[in-house]
Amino acid sequence: NAGVMQNPRHLVRRRGQEARLRCSPMKGHSHVYWYRQLPEEGLKFMVYLQKENIIDESGMPKERFSAEFPKEGPSILRIQQVVRGDSAAYFCASSPMRAGELFFGEGSRLTVL
Amino acid sequence: DQQVKQNSPSLSVQEGRISILNCDYTNSMFDYFLWYKKYPAEGPTFLISISSIKDKNEDGRFTVFLNKSAKHLSLHIVPSQPGDSAVYFCAAITGNQFYFGTGTSLTVIP
């Protein structure tokens, strides 16, 4: 049973470009969470999704950031027009139920030049 | 607004001794608490949890204590082993959201 899969593991973008991070939850998990870890900081909640629905996006910046979890395929975290402050590790976690145990992926590290 | 706080960014402990990692929270609505362990370049992995209706949960070398009146929880690792060296995050749940602390980096010295 594969764990939570995130790709790419490392992504380098220039300012103004778009970044797309993908997350495939564990088999049987329909709840996906995205977290961001900035240097010297803890994990900050961004968004909570179920299949085809955004349940809670209160942690998402109002502009440039969006997330989806389509009926088929992985969850996508999309960052448009990236800026240097977007450089961080982005972790995806899945759960079989709401507020159940979270299983984390290995993270995607975004570097904006 | 940091609702879950880990005030010690780092901790060093001799192998075989007890490691105590602390966590404070501000939201009395949290109903479940967890500890996660993270190695470099890996995602956090679940370690141990405790419901708000309990004050202690034990799993092998790991014990979590919850003091609701003080809004404080702690993770005890005894005896500490070099393989325990990692960053430990405490987390609290209310509603849909998990709130994580900033982490404590534990180093166990052989």
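Quick mapping for you: the protein sequence lines, in order, are chains F and V.
Going by this note's numbering, the first sequence opens with residue 11, and the numbers climb by one from there.
Going by this note's numbering, the second sequence opens with residue -12, and the numbers climb by one from there.
Yeah, the Cβ is synthetic: ideal placement off N, Cα and C, and Gly gets one too.
All values reported here derive from a predicted model rather than from experimental measurement.
Measure how close the beta-carbons of residue i and residue j come, nearest whole angstrom, since I'm counting them as under 8 Å.
{"i": "Met36/F", "j": "Arg46/F", "result": "Met36/F to Arg46/F, Cβ: 21 Å. No contact."}
{"i": "Leu(-2)/V", "j": "Phe20/V", "result": "Actually they do not touch by this definition, with Cβ atoms about 19 Å apart."}
{"i": "Cys102/F", "j": "Val22/F", "result": "About 19 Å; that fails the 8 Å criterion."}
{"i": "Val51/V", "j": "Pro69/V", "result": "Their Cβ separation, rounded to whole angstroms, is 22 Å, which puts Val51/V and Pro69/V out of contact at 8 Å."}
Where does residue i fall in DSSP's three states?
{"i": "Arg88/F", "result": "strand"}
{"i": "Arg23/F", "result": "strand"}
{"i": "Arg94/F", "result": "helix"}
{"i": "Met70/F", "result": "coil"}
{"i": "Ile37/V", "result": "strand"}
For a contact defined as C-beta to C-beta under 9 Å, what are the partners of residue i on chain F?
{"i": "Phe17/V", "result": "Within 9 Å Cβ-Cβ: nothing; Phe17/V doesn't reach chain F, min ~11 Å."}
Check for me: the beta strand (DSSP E) holding residue i runs from which residue to which?
{"i": "Glu45/V", "result": "43 to 46"}
{"i": "Gln68/V", "result": "Segment: none, Gln68/V is in no beta strand (DSSP E) and carries neither H nor E."}
{"i": "His5/F", "result": "The structure shown does not extend to residue 5/F, since chain F is modelled only from 11 to 123, so the question has no answer here."}
{"i": "Phe87/V", "result": "84 to 87"}
{"i": "Tyr12/V", "result": "6 to 12"}
{"i": "Phe52/V", "result": "49 to 54"}
{"i": "Val0/V", "result": "-3 to 1"}
Against residue i, what residues of chain V qualify as contacts under a CB-to-CB distance less than 7 Å, listed in chain order?
{"i": "Gly117/F", "result": "Gly30"}
Can you list the residues of chain V that residue i reaches, using a CB-CB cut of under 8 Å?
{"i": "Glu51/F", "result": "Thr89"}
What residues from chain V crowd round residue i, counting only those whose CB sits closer than 9 Å?
{"i": "Met112/F", "result": "The residue asked about is misnamed: residue 112/F is Leu in this sequence, not Met. In chain order: Leu21, Tyr23, Pro31, Phe33, Ala78, Phe85."}
What residues from the region 55 to 82 of chain V come within 7 Å of chain F, judged by C-beta to C-beta, listed N to C?
-> Cβ contacts with chain F come from Phe76, Ile80.
Anything in the region 69 to 103 of chain F with a Cβ closer than 7 Å to a Cβ of chain V? List those residues in chain order, please.
-> Interface annotation for the region 69 to 103 of chain F against chain V: Phe101, criterion Cβ-Cβ distance under 7 Å.
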